[in-house]
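Read in our numbering, the sequence shown has 154 at position 124, and its numbers run on one by one without any break. All C-beta atoms in this analysis are idealised placements derived from N, C-alpha and C, irrespective of residue type, glycine included. I have placed the structure first, in the form of C-alpha cells, so that the comments after it can refer back to it.
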Amino acid sequence: MAAEIARVFVGFDSKEVVAYHVLAQSIIEHASMPVMFCPIVLPHLEGTFTRERNALQSTEFSFSRFLVPYLSHYEGWSLFMDCDMLMRADIAELWALRDENASVMCVKHDYQPKVETKFLGQVQTKYEKKNWSSVMLFNNAKCRALSPEFVNTATGLELHQFKWLDGDDRIGELPTAWNWLVNEYDHDPAAKNVHFTDGGPYFDEYRNDDYADEWFAMRDRVLHVTQRAPKD
Numbered sequence: 031m032a033a034e035i036a037r038v039f040v041g042f043d044s045k046e047v048v049a050y051h052v053l054a055q056s057i058i059e060h061a062s063m064p065v066m067f068c069p070i071v072l073p074h075l076e077g078t079f080t081r082e083r084n085a086l087q088s089t090e091f092s093f094s095r096f097l098v099p100y101l102s103h104y105e106g107w108s109l110f111m112d113c114d115m116l117m118r119a120d121i122a123e124l125w126a127l128r129d130e131n132a133s134v135m136c137v138k139h140d141y142q143p144k145v146e147t148k149f150l151g152q153v154q155t156k157y158e159k160k161n162w163s164s165v166m167l168f169n170n171a172k173c174r175a176l177s178p179e180f181v182n183t184a185t186g187l188e189l190h191q192f193k194w195l196d197g198d199d200r201i202g203e204l205p206t207a208w209n210w211l212v213n214e215y216d217h218d219p220a221a222k223n224v225h226f227t228d229g230g231p232y233f234d235e236y237r238n239d240d241y242a243d244e245w246f247a248m249r250d251r252v253l254h255v256t257q258r259a260p261k262d
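Structure below.
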C-alpha cells in the first residue's frame, strides 16, 4: 500500500518570497508523513488564470488559490495555505481531520480586524467569513464548481464566502489553532499554525510581533548548510 502524501499548495507572492520557503521548512520539520508542495505562482498559470488584478487584493494569490481543486484534477484532498504562516505542529494531525462529508474545511473565524491597514500600507478589507479561505482543506471531487472559468469570472466575495457551494453546511470546521491570527488573537503557546495576517515579521514594522522569534529561527534553518570541518 502506497504511503499517504499530504498535498500542500502555498500561495506565492513576489513581494514576500522568503515567506513561502520558511513556511515550507516549518511544515517539513514538524511533519511525520510525506508532503508534496506546490507553490501557486501566477506566471506558472498563464492561459489558465486570466482574471485581471483587483485593486483591493493584497496578494498575487488572492483568487488563484481557488484553482487548487482543478490543479489536483478534482481527486483526493489538498491543503491550501497563505504563505505568511508558520507551522508549529505535525501536518499529519491536520490531515487526520479530513471529513468526507465536507466539501471544504477551514477555521470559521468570527472577528473584525483591529487595524485599517496591513503590510505595505494595503487596506485591511472587512467582510463576512474573512480569513476562512487562508487555510482550506479541499475535498477536491466535491469542488468541481471551481473550474478555471468560474474562478476567472466570479466576484471576490463569491469565491471567499464559498458561494460556489450548495450551502454553508458543506463547509467543515477546523479548530482555530490551525489558523491562529497573530495580533488578532492573544498569544497561545499551543497554536499549531500561526498566521501573520497583518504582515509577516520579514516586514520591518512586524518584526517584533508574536511568534516572530520563531519565524526568524526557522528562516535561519532554511539558510543552514553544514560545512566541512577545518583541517588542523
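With the cut-off set at 9 Å, would you say residue i and residue j are in Cβ contact?
i, j, result
"Y122", "S62", "First, the amino acid is wrong: residue 122 is Ala here, not Tyr. In this structure, S62 lies closer than 9 Å to A122 by Cβ."
"K138", "E203", "yes"
"S163", "F192", "yes"
"L195", "A171", "no"
"S92", "G186", "yes"
"F168", "L109", "yes"
"T78", "P178", "yes"
"I89", "D43", "Checking the displayed sequence, the identity of residue 89 turns out to be Thr instead of Ile. Yes, they are a contact pair."
"M293", "V134", "Residue numbering for the chain in the displayed model covers 31 to 262; residue 293 lies beyond these limits and cannot be assessed."
"H225", "D112", "yes"
"Y104", "C173", "yes"
"W107", "R83", "no"
"L75", "N223", "no"
Can you tell me which of the three DSSP states residue i falls into?
i, result
"A36", "strand"
"N161", "coil"
"W264", "Since the displayed the chain opens at 31 and closes at 262, residue 264 lies outside it and no answer follows."
"L53", "helix"
"F67", "strand"
"L116", "strand"
"N170", "helix"
"V137", "coil"
"Y215", "strand"
"G229", "coil"
"F96", "helix"
"E203", "strand"
"W194", "coil"
"F110", "strand"
"N238", "coil"
"V224", "strand"
"G77", "coil"
Count the other C-beta atoms from every protein chain shown that fall within 10 angstroms of the C-beta of residue i, then say buried if there are 16 or more, exposed otherwise.
i, result
"V40", "buried"
"D198", "exposed"
"I35", "exposed"
"V47", "exposed"
"E130", "exposed"
"Y241", "buried"
"V255", "exposed"
"H190", "buried"
"A49", "buried"
"Y141", "exposed"
"D239", "buried"
Output needed for residue i: all residues of its chain with C-beta closer than 7 Å, excluding positions within five of it in sequence on either side, in chain order.
i, result
"A221", "R118, A207 and W210"
"V252", "H51, V52 and Q55"
"L72", "F79, E90 and S94"
"P11", "Look at the range of the chain in this structure, 31 to 262, and you will see that residue 11 is not part of it."
"F235", "The amino acid occupying residue 235 in the given sequence is Glu; Phe does not appear at that position. The answer, listed in chain order, is G229."
"R237", "P231"
Grab me the residues of residue i's own chain with a C-beta within less than 8 Å of its C-beta, minus the 5 sequence neighbours each way, in chain order.
i, result
"T183", "R81"
"P64", "A33, E34, I35 and A36"
"P260", "none"
"M66", "I35, A36, R37 and V38"
"H217", "D240 and Y241"
"E188", "W194"
Stretch-stretch touch, CB-based, cutoff 8 Å, three pairs: the segment 235-254 with the segment 52-70: yes
Contact between the segment 226-234 and the segment 99-117 (3+ Cβ pairs under 8 Å): yes
- prompt: So, do the segment 91-107 and the segment 195-212 have three or more beta carbon pairs nearer to each other than 8 Å?
  reply: no
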